[in-house]
Every structure is written in C-alpha cells, then in structure tokens.
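Reviewing the structure listed below.
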C-alpha cells in the first residue's frame, strides 16, 4: 500500500513539473496564429475594391494576431 501511495505521489509530482511546459506550448493557440497569418496574407492578395471592407478585415486580423501573441506570451 505504501508503494502505491509513493507511486501516485511521484506521478502527480511529475505531472505537475510537466504542466507548465505543456501549458507554454499552446498548440491550439499556435495553430490559430498560423491560420490568422494565412488569412492576413490572403487578404493582402485580394483585390482592393471592396469599399474599405478588405482594409477593415486586415485591421481586425492584425488585432486578432496581436491578441493571440499576447496570450501565448502570457502563458509563458
């Protein structure tokens, strides 16, 4: 029984040690950042005659990129 408790304590401790590393990686946030940057590039390639909506979309995507980057930095 003591061995089981010791094993459980070690597993929890190892998980706690690895938790910040897993949290810092943020694979979904990095994936979102990648997609946002692809969207920004596609908007840049689009024709400009969209009554200002293309430019506004680029501004909003830039804002979203900045927020995702801030989130990634906060998770470190």
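Residue numbers (the numbering used here): 3 to 78. Even for Gly, the Cβ is constructed at its ideal location relative to N, Cα and C.
Legend entry - Helix, strand or coil at residue 73 [DSSP, three-state]: helix
Legend entry - Spatial neighbours of residue 50 in its chain, beta-carbon cut-off 7 Å, leaving aside the 5 residues before and after: 56
Inset, instruction - Would you mind giving the Cβ-Cβ distance between residue 60 and residue 74, rounded to the nearest angstrom? I have them listed as a contact below 8 Å. - result: Going by Cβ atoms, the distance from residue 60 to residue 74 rounds to 21 Å, so no, they are not a contact pair.
Inset, instruction - Let me know the secondary structure DSSP gives residue 92 once reduced to three states. - result: Lying outside 3 to 78, the shown extent of the chain, residue 92 is not represented and no answer is given.
Inset, instruction - Taking the CB atoms as reference points, tell me whether residue 63 and residue 35 lie closer together than 8 Å. - result: no
Legend entry - Start and end residues, alpha helix (DSSP H) containing residue 42: 29 to 47
Inset, instruction - Would you identify the three-state DSSP class for residue 50, choosing helix, strand or coil? - result: For residue 50, the three-state secondary structure derived from DSSP is coil.
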